[in-house]
Amino acid sequence: MKRIFTLNFNTLLFRVLFLQGVLLAGLFEHVLGEGSGDWGTASDRRSWLWIPANSSNNNGGYGTRGYMMMPSSTNNYNPDHRMYVYVKPGETVYWGFRNEVTYDFLGYNYYNYNSDIRVRWFYDDTDTGFFPDKRYGIEVDNHYYDAHSNEGIIGRPANAQAAANGPSDIVGPTGYEAYSFTNNTGEARAFWVEISRSNGNPIGDGLPISIWDVTVANSADEVQPGRLYSKYWSILNGLPRDPGVVNDRAFHDNFGFYVPVDDTFGGTGDTYFVKHAQFPNSNGGFVNFFANQDGPRNDTGNHVDNRKSIEGASSNYQYPLFLNDPDLEFWPTTVEPTASLDITYEERVPTGNGGHAWVDINISLPGIVDVLIDLNGNGTYDGGIDLIMSEKYDASGEYTIYWDGKDANENVVTSGSKIGVFAAVIFSPVHFPIYDMEQSMGITITNVRPGDPEDNTIYWDDSLIPRDGEHGFEDLDDGSKTSAVSLPVNVTGEAGDSHIWYGDGNNGFSERNTINTWAASYYAEVNEDDEYRYLTFQGNVYDDDNGGADGLIFGQPTTAEGLHVLIVDENEEVVATEPVAADGTYFIDRVPDGTYRAVLSSISVAPGDLSPGPILPEHWENTGAQLGTNPDENLYEPTGILGELSLNNSSVRDANFGLRIMAVLPVVWQDFNVTYQENQRAVALEWTVSKEWENSHYEVERSQDGVNDFQTIAKVAAAGWTDEITTYQFLDEKVPLPGGKYYYRIKQVNLDNSSSYGDLRQVTVPKVTIRNDTWRAYPNPGGPDDIKLELLDQLAYNGGQVSFRAINGIHTMNVNTVNSPEELSQKLSEVLHSFGTGLVIVEVTWENKAQYIKVLLR
């Protein structure tokens, strides 16, 4: 199967360069202030804060939009919705807000407020944590001023660029004149802001803040970004006019939030993953952003249901959302987690009942594992066909997810079926539920730290949300357009801009719904996309001196080392291979249906290669093979081959081999080398033995067609008895002209005609082109001293060595090699003196070419 394993890793150099780039951007390109400038300053976009209306049932009121920046005297006030800034002792907070007076869009007047506002900052003297929730705090700053008129005054930036540049106390005249306060409490702590009418009461219709800044700086006027955050952001921009079209009141290109996610499921960790979620060019009207570990809900008892998008509002906030990467001093980076995933298929017992599978998981942190069984090969989830299995693990460790081998309709999936298995482990998942965003032009979630900055794979499950034409769907004004663009369910993941839906007003897929998108704080995945192969081939290799003589292959696990079992098909190609384990067993999984032989060999080759045939380690020999454990049944000759065996939706078990050590070792093999001699067009063989006992001779065997057609081509006399190292040589001068791959082995034959084999060697020989017009003999007929060889075709011979030999029915002379045509004729005369009168064939070879010339000697 094609197998893909992915795990995010941290590259230190890349990380350093990236951080340097961010710092340089902050100094020379980006803003110094922390506020609206982080999202963008373009005038044809809207990314405004919305202070909710003083209403529990108004669409823009606190009943659905929360209490961000509302006064703590508001009915049912929830301090968890506050906007905080975290400040160390001696640091100063500079701030300024500009609000819009009125805003009418498509005939709807969102608000109308042209009075001054009161801005107050508070802290909780009993809590130095990040989220003090005491309802009424100690006031540290209080200003009542005109935040809406033209031009800039103290606390009111003149324009978006001035707010983006930051306080003029720090950046000079390009910034704005800010109000400020200093943390003189002696401890680092969170401060929160409340905006109200002059008397401290809530603003009845709500208020949009279009341009704003909250900057923290130390005593050296060094800006400290990553200090501003809220758990429940209330935002306002314009509605979409045309489905899928960006208008001049969509979010800025950089609109989004940074989220620190602690490395536990309980929210108690003190080191963090950081993500950056962006929603550029989208339209929301009134819209709320928050983040958590579960999804829109946390009360279903099932993490799969918790993460599904829901109809209606959700306020399942948990993590703070920042405008910048949270300050490392207070939100430090966690270590990178590790994970391994492995998919195992097996046949059910008893055989013939299909298969099943396990995903084995090892994780170093809590995580969620999602497994998609894709049974129609399209890489996505299809209800009624495919399966999704998901498990949540609250601690590190080893776990297993089981699949019973059936589809969504409880049908058994048969061997060889197309199947895709996508398994992903999600560490510390971060969910971004969005309430009532009318149009999404694509959501991007980027990894910030730890690891490389890169776009993450994102996921969603919108199966509970009515889609176009379904009951409960809020129709678009333009009925020809589609609102729900992305797939209903995506658990295999998509990277980049994704999870898209359209609207053209207060309508469409997301109208008054909470749409959830999630990503892993870190993830690992393993994907397999191929045939469903659960059949196995397994057995044992025994030390069995008797072999099949007693009707059963059985014994102790073999002590032979370096053995492999090869599964070989009808074309002699290896389809699978597995080493024999130390206990003598072998187990080959994922074998496709087919007819095979099992070959025991000390040589392992890759699937797709030709089988090298049965080869054993030195001093070992086969004693037989058997399929099964019943005496006198399915026994095979001691050739190291077991089969033919057919796998037809059933596995092979107890395919056993027997071996033994040779009682007397006739020879002790040392080296065996085979080399091609180009100048002679011959193959030189040399083998060395360190001991011989009752050794008669050696036979040189050659196979031209794989390893199944060995022919004896020579015999070499042996020393017989010796304890000395002996080297033998043979030159194969009769290599067939077609060339190609040739296999050689040495057969050792004892005086009693028993035999053994050495190792197998392979050599590649170039193909020879037969010529008949390059050389000629003259005079012909002639005597040995008269006959010469003349070069007829100068283009066919470019100089260099020429080899020849002479052959008749009685003699075959050794190959001779010369360096020129003149030397060729001279040497030929010497050779021909060894022949009597009659026909002689002269074989001339050069540059992988050959010509055969008939010579008649007188």
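In terms of this note's numbering, the sequence shown is residues 34 to 891.
Glycine included, C-beta positions come from ideal geometry on N, C-alpha and C.
Once the 5 residues before and after residue i are set aside, which same chain residues still bring their CB inside 7 Å of it?
| i | result |
| --- | --- |
| GLY892 | Past the boundaries of the shown model lies residue 892; the chain is included only from 34 to 891, so the question cannot be answered. |
| VAL445 | GLY387, GLY438, LYS439 |
| GLY871 | ASN841, LEU890 |
| ASN539 | LEU272, GLY318, GLU471 |
| ALA196 | GLY66, GLY68, SER69, GLY70, GLY129, PRO190, TYR209, ILE244, TRP245, ASP246 |
| GLU220 | PRO122, THR161 |
| SER679 | THR628 |
Starting from residue i, trace the beta strand (DSSP E) in both directions and tell me its first and last residue.
| i | result |
| --- | --- |
| ASN852 | That residue, ASN852, is in no beta strand (DSSP E); it is neither H nor E in DSSP. |
| GLY627 | 627–634 |
| ASP765 | 759–765 |
| TRP391 | 388–396 |
| ALA747 | 744–750 |
| GLU594 | Premise fails: GLU594 is in no beta strand (DSSP E) and is neither H nor E. |
| TRP72 | Element bounds for TRP72: n/a, residue is neither H nor E. |
| TYR821 | Residue 821 is actually Lys in this sequence, not Tyr. Where LYS821 is concerned, the enclosing beta strand (DSSP E) stretches over 821–824. |
| ALA810 | 808–811 |
| GLU380 | 372–380 |
| ASN480 | 477–482 |
| LYS121 | No beta strand (DSSP E) holds LYS121; DSSP gives it neither H nor E. |
| ALA829 | ALA829 -> no beta strand (DSSP E), and no H or E assigned at all. |
Which residue marks the beginning of the alpha helix (DSSP H) containing residue i, and which one marks its end?
| i | result |
| --- | --- |
| TYR110 | That residue, TYR110, is in no alpha helix (DSSP H); it is neither H nor E in DSSP. |
| VAL559 | Taken as a continuous stretch (DSSP letters only), VAL559 belongs to no alpha helix (DSSP H), being part of the beta strand (DSSP E) at 555–564. |
| HIS336 | 336–339 |
| TYR95 | 95–98 |
Excluding the 5 residues flanking residue i on each side, which residues of the same chain have their C-beta closer than 6 Å to its C-beta?
| i | result |
| --- | --- |
| PRO499 | GLY505, PHE506 |
| PRO521 | ASP495, SER496 |
| ASP393 | ASP375, THR433 |
| LYS341 | ASP494, LEU497 |
| ASN741 | none |
| GLY222 | It is worth fixing the name first, because residue 222 is Arg in this sequence and not Gly. Contacts found: TYR156, THR161. |
| PRO370 | SER397, LEU398, PHE460, TYR555 |
| ASP407 | ASP419, GLY453 |
| ASP281 | ASP77 |
Check whether the Cβ atoms of residue i and residue j lie closer than 7 Å to each other.
| i | j | result |
| --- | --- | --- |
| GLU227 | ARG153 | yes |
| LEU261 | VAL118 | yes |
| ALA631 | VAL607 | no |
| THR878 | ARG714 | yes |
| TYR178 | ASP149 | yes |
| PRO329 | THR610 | no |
| THR125 | THR215 | yes |
| THR745 | GLU725 | no |
| ALA428 | ILE491 | no |
| SER684 | THR569 | yes |
| ASN314 | MET474 | yes |
| TYR435 | GLY400 | no |
| ARG566 | PRO625 | yes |
| TYR209 | GLY185 | yes |
| LEU356 | ASP562 | no |
| VAL798 | TYR775 | yes |
| TYR575 | GLY588 | yes |
Bridge partners of residue i, per DSSP?
| i | result |
| --- | --- |
| PRO466 | ASN549 |
| THR656 | Note: THR656 sits in no beta bridge, so no partner. |
| SER788 | VAL782 |
| PHE455 | LEU405, ASN560 |
| ASN90 | None, per the DSSP bridge assignment. |
| ARG151 | TYR177, SER229 |
| THR132 | It is Asn, not Thr, that sits at residue 132 in the sequence shown. Beta-bridge pairing links ASN132 to ILE242. |
| ILE171 | TYR156 |
| PRO895 | There is no way to answer for residue 895, as the model of the chain reaches only from 34 to 891. |
| ASN314 | Bridge partners of ASN314: none, in fact. |
What residues in its chain sit with their C-beta under 8 Å from that of residue i, if we drop five residues either side in the sequence?
| i | result |
| --- | --- |
| GLU880 | TYR830, ASN831, GLY833 |
| GLY536 | LEU272, PRO273, PRO276, ASN316, GLU471, GLN472, LEU509, SER516, PHE542, SER543, GLU544 |
| ILE171 | PHE155, TYR156, ASP157, ASP158 |
| TYR811 | ILE820, LYS821, GLU823 |
| PRO293 | TYR305, PHE306, VAL307, TYR352, PRO353, PHE355, PRO359, TRP364 |
Does any residue of chain B bring its CB to less than 7 Å from the CB of residue i?
| i | result |
| --- | --- |
| ASN91 | Looking for chain B here will not work: only one protein chain is present. |
| message | Which complete beta strand (DSSP E) runs does the region 198–273 hold, if anything under 3 residues is left out? | response | You should have 212–215, 222–229, 240–250, 261–263, 266–269.
| task | At 3 residues or longer, and completely inside the region 637–714: list those beta strand (DSSP E) runs for me, N to C. | result | Those beta strand (DSSP E) runs which fall completely within the region 637–714 and span 3+ residues are 653–660, 674–680, 688–694, 700–710.
| message | Restricting to runs no shorter than 4 residues, where is the alpha helix (DSSP H) found entirely within the region 274–308? | response | Those alpha helix (DSSP H) runs which fall completely within the region 274–308 and span 4+ residues do not exist here.
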